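A.B. asks: Right, I'll just put the structure down here and ask away after.
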Amino acid sequence: MEMSEEIYANAKGTADDRADYSDSENSYEDVYANEDNLETQRTGSFKQSDHSGFNTERGRCYRLTAVCVLLLCVFLLTAITVLWIKFTNLNTQIDQLQTSYNNVTIKRDHLQTTYTNLTIERDQLQTSYNILTIERDQLQTSYNNLTTERDQLQTSYNNLTIERDQLQTSYNTMTIERDQLQTSYNTMTIERDQLQTSYNTMTTERDQLQTSSNTLTTERDQCRNMMAGVLVKQGWRFFNSKLYYIPTEEKSWTESRQDCRERGADLVIINSNKKWEFIIKHLGDKNRAWIGLSDRVTEGEWKWVDGTELKSGTGYWYGGEPNNQHNNEDCAEIWTFSDKKAWNDRPCSEKQWWICEINIF
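Mind the numbering: the sequence shown is residues 18 to 378 in our numbering, read in order.
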């Protein structure tokens, strides 16, 4: 609205200027007319016809000037209208992009909520499983104690049997003790059945937990596949269970690795011929890019970002590399030499492209 008001104000100002200019022209015409009358009186009747022709030519010039000014105003008004239409269309496109961005944000939040709920349920199941394991161990301990007691009772029973043979008079006492042993046996039988029941219950619960674990594994794989689809739409390239991304800006080696980590990834590790061929093809016509290899900790000991050491004589170094030129080339890059792409050591502070790698499976 402010822009349209300024346009109308400028148009109004132009109209006022045109009116002032017209009044000025009329004043000039009056002056010229008076001068012509004086000239006519001095020169006589033989100059009157020449003066009339001169006034006609000058009037044509004024009319032509007025027409040009009018055409210029029309052209300016048309240009202002076209600019206003383009401005309106641009605002409409911005609103549409904002709506799309809000929809994607809502979907992302919904997926995050679902993932959080599943994590909570998994932790609850794990807690239940741990409690059941503790109870099982306690029951096993009780069972072992009862077994020990049963063996002790059995020993006592044997001793009593020997004593019964030796002392007939103690027969009644031994009979009572035998009944007690029978009672203990019955009690242990009941406890054994209870332990068997507990064992069967724990077996059922274990099977249920296994089923829940399989379900969570399936849902986890589905979430990873969905995440992979989103990353591919953002420009990531899929190869051998991993995703790769080459940003369009240039940064130092440290800044490049930080950017990869913020994306949930890290600088690429090249440890196979197939991956090397894929990286070269994906790099395309880009001249150079950082990789996740450096010897910044110990000169000459090249290590990947995951801590693994690059064995001497391996890799895809160009002939004569690494050479640590000027004693400050501690980071590795892929560089396009005259005959091929190969590894080269370069100062870590140099800014260039880089390659991120993320494993989602």
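In this text, a Cβ means the ideal position worked out from N, Cα and C, and glycines have one as well. Because the structure is a prediction, the values reported are computed rather than measured.
1) Cβ of Cys-365 within 6 Å of any heavy atom in the ligand MN?
2) Mapping DSSP to helix, strand and coil, what is Lys-357?
3) Are the CB atoms of Glu-346 and Asp-356 within a distance shorter than 7 Å?
4) Only counting runs of 3 or more residues, tell me where the beta strand (DSSP E) segments fall wholly within the segment 283 to 365, in order along the chain.
5) Find out if the Cβ-Cβ distance for the pair Ser-311, Trp-371 is shorter than 7 Å.
6) Quick check: Met-219 and Arg-153, are their CB atoms within less than 7 Å of each other?
7) Using a threshold of 7 Å, state whether the C-beta atoms of Tyr-333 and Phe-354 are closer than that.
8) Excluding sequence positions up to five away, which residues of its chain have a Cβ less than 6 Å from the Cβ of Arg-313?
9) What would DSSP say about Lys-368, mapped onto helix, strand or coil?
10) Would you report the Cα separation of Asp-168 and Asn-189, rounded to the nearest angstrom?
11) With distances taken between CB atoms, is the gap from Leu-170 to Glu-194 smaller than 7 Å?
12) Which residue marks the beginning of the beta strand (DSSP E) containing Glu-374, and which one marks its end?
13) On the criterion of 16 or more Cβ atoms from any shown chain inside 10 Å, does Gly-324 qualify as buried, or is it exposed?
14) Per the contact definition of three or more C-beta pairs closer than 8 Å, is the segment 202 to 213 in contact with the segment 134 to 154?
15) Can you round the beta-carbon distance between Asn-257 and Lys-292 to whole angstroms, since I take them to be within the 8 Å contact cut?
16) Please state if the CB of Ile-308 and the CB of Val-285 are separated by a distance shorter than 7 Å.
17) Between the alpha carbons of Phe-92 and Asn-106, how many angstroms are there, rounded?
18) So Ala-282 and Ile-375 are supposed to be a Cβ contact under 8 Å. How far apart are they, rounded?
19) Hey, Ser-229 and Leu-142: beta-carbon distance below 7 Å or not?
20) Just the C-alpha distance for Gly-301 and Thr-130, rounded to the nearest angstrom, thanks.
21) Taking all protein chains shown into account, do 16 or more other C-beta atoms lie within 10 angstroms of the C-beta of Cys-85, making it buried, or fewer, making it exposed?
22) Note down the Cα distance separating Ala-83 from Asn-108, rounded to an integer number of angstroms.
C.D. replies: The structure says:
1) Ligands are entirely absent from the displayed structure, and the ligand MN is therefore not among its contents.
2) coil
3) no
4) 305 to 311, 348 to 353 and 358 to 363
5) no
6) yes
7) no
8) Asp-347
9) coil
10) 23 Å
11) no
12) 373 to 376
13) exposed
14) no
15) 7 Å
16) yes
17) 21 Å
18) 4 Å
19) yes
20) 39 Å
21) exposed
22) 38 Å
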